[in-house]
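**Q** Just so you know, the sequence shown maps onto residues 137 to 818 in the working numbering.
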Amino acid sequence: MVLISPVQGQLKHGVYVITLDNPPVNAISISVRRGLIFAVDDFEQSNAQVAVLVGSNGTFMAGADIHEFGRTSDGPVLLDVVRVIENCKKPIVAALQGAVLGGGLEVALACDARIAHVDTVLGLPEVSLGIIPGAGGTQLIPRRIGIPRAIDMICGMQRLSAQEAKNVGLVDSVVCSDVLEAATLFAKNVEHKSRVRDELVPNEDPALIDQAIKRYTKQGGSRPAIAKAIDLIQLAAKLPIEEGLVLESAAFLELRKSQEAQALRHLFFAEKTCKKPLYTKEISSIPINTVCVIGAGTMGAGIVICLLDAEFSVMLLEQNKEALDSGEERIFSHYQNQVETGKLSPAEASKCLSHLLCSLNWEELAKADLVIEAVYEDILVKQDVFKKIDYFANPNAILATNTSYLSVEKIALATTRPKRVIGLHFFSPANVMKLLEIVNAKQTGLEILHAGIAFGNRLNKYPVVTKDSFGFIGNRIYNAYRTQCEFMLEDGAWPEEVDAALVDFGMAMGPFTVADLSGLDIAWRMRKTQRRNPETRYVDILDTLCELGRFGRKTSAGYYDYTNGKKQANTSELVRQIIEKASQRRGIKRQTLSFKHIQNRALLSMVNEAALLMREGVAQRASDIDVVFVHGYGFPRWQGGPVFWARQQDRQQLQDDIAGLAQHGGNSFVPADVSILFENSP
Ligand code: 3H9
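1) Could you tell me how far apart the beta carbons of residue 638 and residue 735 are, in whole angstroms, since I believe they sit closer than 8 Å?
2) Since residue 309 sits in a beta bridge, which residues does DSSP pair it with?
3) With respect to 7 Å, is the separation between the Cβ of residue 161 and the closest non-hydrogen atom of the ligand 3H9 below this value?
4) Excluding five sequence neighbours on each side, which residues of the same chain lie with their C-beta closer than 6 Å to the C-beta of residue 337?
5) In this structure, does DSSP put residue 827 in helix, strand or coil?
6) Report the partner residues of residue 316 according to the DSSP bridge assignment.
7) Run through DSSP, which three-state label would residue 494 get?
8) Looking at the strands, I want to know which residues DSSP matches up with residue 698.
9) So is the beta-carbon of residue 408 under 7 Å away from any non-hydrogen atom of the ligand ATP?
10) With DSSP collapsed to three states, give me the class of residue 152.
11) Is the beta carbon of residue 384 closer than 8 Å to that of residue 270?
12) Do residue 451 and residue 414 have their C-beta atoms within less than 8 Å of each other?
13) Would you call the CB atoms of residue 387 and residue 290 closer than 8 Å?
14) Does the segment 622–630 come into contact with the segment 717–729, if we say contact requires no fewer than three beta-carbon pairs (one atom in each stretch) closer than 8 Å?
15) Just confirm the distance between the C-beta atoms of residue 504 and residue 427, as a whole number of angstroms; I'd bet it's less than 8 Å.
16) So, at 6 Å on beta carbons, what are the nonlocal neighbours of residue 335 in its own chain, with the 5 sequence-adjacent residues on each side left out?
17) Tell me whether the beta-carbon of residue 801 lies closer than 8 Å to the beta-carbon of residue 673.
18) For a quick check, are the C-beta atoms of residue 318 and residue 311 less than 8 Å apart?
19) Expressed to the nearest angstrom, what Euclidean distance is found between the alpha-carbon atoms of residue 154 and residue 190?
20) May I ask which residues mark the beginning and end of the beta strand (DSSP E) holding residue 272?
21) Are there any heavy atoms of the ligand 3H9 lying less than 7 Å away from the beta-carbon of residue 771, as far as the coordinates show?
22) Does the segment 645–657 touch the segment 781–788, meaning 3 or more C-beta pairs lie closer than 8 Å?
23) Tell me where the beta strand (DSSP E) around residue 168 begins and ends.
24) Flag this pair as touching only if the segment 806–814 and the segment 731–748 have three or more C-beta atom pairs under 8 Å; answer yes or no.
25) Quick one: is the Cβ of residue 423 within less than 7 Å of any heavy atom of the ligand 3H9?
26) Count the CB pairs spanning the segment 170–182 and the segment 190–199 that are closer than 8 Å, and state whether there are at least three.
27) Less than 8 Å between the CB atoms is what I'm expecting for residue 568 and residue 510, so what's the real figure, rounded?
28) Please report the distance separating the alpha-carbon of residue 590 from that of residue 483.
29) DSSP on residue 562, reduced to helix/strand/coil?
30) Could you pull the start and end residues of the alpha helix (DSSP H) that residue 401 belongs to?
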């Protein structure tokens, strides 16, 4: 027996079994690469005629070790491992289960055959990390499945089930039994080498190739990794494999060090980190099976849908029948649409809906383990509802408010059990948006906080913990950003210029398009409840628009005008006059602002607020802020989030620029010490 950590080679009944054990997901780190090369060499020298390669921990290999991408390492690269397996004189069979991703799939393709357990997931998700497959993926995959499918798999980051992989020819056999045993049995009948690299790329209809390319290059959305992958996949049909591999390897190394790839890696780890509680204490978990949502508006209905999708038993409760019926209608039509568009089968949709009870009877509340209030955003209304919840709910239930900025503490104090009250801030549409802010109010018990995080994980959302502070993490920073954008209107920019500059940076939408979409009246109402410091620079353009009944898209007029629901590209003469008058009142001589100027001020305002709330302990980790902005506010993923952006700037320059921002913000602007964003890692 030869022991190589973390790769072990062992002769079993005449078959050489290579086992990889690198928990948790068998990432292919440097020691794995060395171990695999050593094991294949040992196999060649052994009496065995065939080998099986298998992973421990219920998984094959989740790909290259992403931690290593930012470091330089000597020693063999993954392509060396692939070549060693391909050039081994004796056949090697891959026994696949769990994750066969990225480099894991490339290693599997280097083997002579692939036997997959039915639970296997195969894919090449590299472009989600701003890179391309770097150990043969772009050259081997098209040889097996053709160019159009290879483009879909690599650029579309498709993850195939074992059966789907078998159907397209990536896998030889699918088993429900022990995959090592099945692969060993299979291996005993394999007599000679059968390398994917020796196959020819099948001839394909050029129209199909063009269509596949268009699917990933439309609307200028083609990121560099996607464009590069498309080139290389097409070259697979034109170049000898060795030439293709050299080009692929060079492109992989180049992309790996790009800022975009660094940003995407940062988010990969930030997204994993936010799912974990920061405290170390062992906390027993509170089971949540039945959830009651109060309020059948857009938000309530969206929350119900995401709960049904996650297989909770759900009650939707309302005070009035009309509202309940319309919420129920919304939920039913969502599932009907899912069936019509083929996203769910009729049986799956019926199964989800069978777990829903809509009721006007508050006594039903007693059955819920978790109650989520999603009513009108008004502290008095919410406090009233919480008094009622407190009366009807089970004493052990967790009580949650979906407020987006109100004090959870004040809401909790309306009950006799503030310890069991938490904020669960969903983002609209709640069944689509992946962010969930978990508001840890002053009295919230640790076990309730823990249950909130576990609940977010079960919903497959990013559960970011935030302190109970006005606007929490997201709306607080967004407010600073939006305020700065309003300053820029007074300073000389039109709404469409600010929007275009920020879309150019990569934001999903500009702030004034967003404001029109969400309704200006909501911000107007909130502003009226806030006490204003006379020293503060206050832009009243939004108030004037609202006084004219221009509430945004829903009234066909806001910052923009809408004709038959279609937004006009430029703001109207009327809106321009309102903006010009606002500039005059402040004595500002309007100036043209460049895209760069607009982008910088908008980003600096976010960074400044991020640093302030880190100091106040509103966010637990700086990387959580990036998760919030990417998943809740349309911040471009490839820019990594406001904190990642800040970390790419020269620290002193950033600090100076923030001091400069004060000149636009008036006396109330608080410049932050940004060092906390650099120190606090992640
Ligand atoms: C690549 O392969 C490039 C090659 O083509 C070329 C090379 C030359 N590396 O998600 P989970 C960690 S690029 C390092 O919570 P799940 C993860 O951080 C790579 N670590 O579990 C977490 O750590 P922690 C292409 C990794 O069961 C822990 O594993 N591959 C890696 O929900 C558990 O993760 C990918 O992009 C990794 N590759 O899902 C695969 N993967 O506990 C990305 C995971 O400390 N990974 N970790 O927070 C995934 O899709 C999911 O993690 C997976 C498991 C499905 C595997």
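Beta carbons: idealized from backbone N, C-alpha and C, even for Gly.
**A** By the coordinates alone:
1) If you number the sequence shown from 1, residue 638 lands on position 502. If you number the sequence shown from 1, residue 735 lands on position 599. So it is a contact: roughly 7 Å between Cβ atoms.
2) Along the sequence shown, read from residue 1 onward, the residue named residue 309 stands at position 173. Bridge partners of residue 309: 251.
3) Counting from 1 along the sequence shown, the entry for residue 161 is found at position 25. Checking every heavy atom of the ligand 3H9 against the Cβ of residue 161, one is found closer than 7 Å.
4) The residue given as residue 337 occupies position 201 in the sequence shown. Closer than 6 Å at Cβ, skipping near neighbours: 278, 279, 372, 373.
5) The shown model of the chain, from 137 to 818, leaves out residue 827, and the question about it has no answer.
6) Within the sequence shown, the letter at position 180 stands for residue 316. Answer is none; residue 316 lacks a bridge partner.
7) Taking the sequence shown and counting its residues from 1, the one referred to as residue 494 is at position 358. Strand, per DSSP.
8) Your numbering for residue 698 matches position 562 in the sequence shown. BP columns for residue 698 point to 703.
9) Although the ligand ATP was asked about, the structure shown includes only the ligand 3H9 as ligands.
10) Here residue 152 refers to the residue found at position 16 when the sequence shown is read from its first residue. Residue 152 falls in the strand class under three-state DSSP.
11) On the sequence shown, residue 270 is found 134 positions in, with the first residue counted as 1. On the sequence shown, residue 384 is found 248 positions in, with the first residue counted as 1. Their beta carbons are under 8 Å apart, which means residue 270 touches residue 384 by this criterion.
12) Translated into the one-based positions of the sequence shown, residue 451 becomes position 315. Translated into the one-based positions of the sequence shown, residue 414 becomes position 278. No, Cβ-Cβ distance for residue 451 and residue 414 is not below 8 Å.
13) To locate residue 387, count along the sequence shown from 1; it is residue 251. To locate residue 290, count along the sequence shown from 1; it is residue 154. For residue 387 and residue 290, no; Cβs fall outside 8 Å.
14) yes
15) By one-based count along the sequence shown, residue 504 stands at place 368. By one-based count along the sequence shown, residue 427 stands at place 291. Yes, they are in contact, since the Cβ atoms of residue 504 and residue 427 sit about 6 Å apart, within 8 Å.
16) Along the sequence shown, read from residue 1 onward, the residue named residue 335 stands at position 199. Contacts found: 279.
17) Walking along the sequence shown from the start, residue 801 turns up at place 665. Walking along the sequence shown from the start, residue 673 turns up at place 537. Yes, Cβ-Cβ distance for residue 801 and residue 673 is below 8 Å.
18) Taking the first residue of the sequence shown as position 1, residue 318 is located at position 182. Taking the first residue of the sequence shown as position 1, residue 311 is located at position 175. Yes, the pair counts as a contact, with Cβ atoms nearer than the cut-off.
19) Counted from its first residue, the sequence shown places residue 154 at position 18. Counted from its first residue, the sequence shown places residue 190 at position 54. One C-alpha to the other measures close to 6 Å.
20) For this step, residue 272 is matched to residue 136 along the sequence shown. Counting along the chain, residue 272 falls outside any beta strand (DSSP E), and DSSP gives it neither H nor E.
21) Position 635 of the sequence shown, counted from the first residue, corresponds to residue 771. No, Cβ of residue 771 sits at least 7 Å from all heavy atoms of the ligand 3H9.
22) no
23) Counting from one through the sequence shown, the residue named residue 168 turns up at place 32. Not the beta strand (DSSP E): residue 168 falls in the alpha helix (DSSP H), residues 166–181.
24) yes
25) By 1-based counting over the sequence shown, the position of residue 423 is 287. Checking every heavy atom of the ligand 3H9 against the Cβ of residue 423, none is found closer than 7 Å.
26) no
27) Your numbering for residue 568 matches position 432 in the sequence shown. Your numbering for residue 510 matches position 374 in the sequence shown. 16 Å between Cβ atoms; not a contact.
28) On the sequence shown, position 454 is the one that residue 590 refers to. On the sequence shown, position 347 is the one that residue 483 refers to. Going by the C-alpha atoms only, they are around 28 Å apart.
29) Position 426 of the sequence shown, counted from the start, is the residue given in the question as residue 562. Correct three-state label for residue 562: strand.
30) Along the sequence shown, one-based indexing puts residue 401 at 265. Residue 401 -> alpha helix (DSSP H) spans 395–409.
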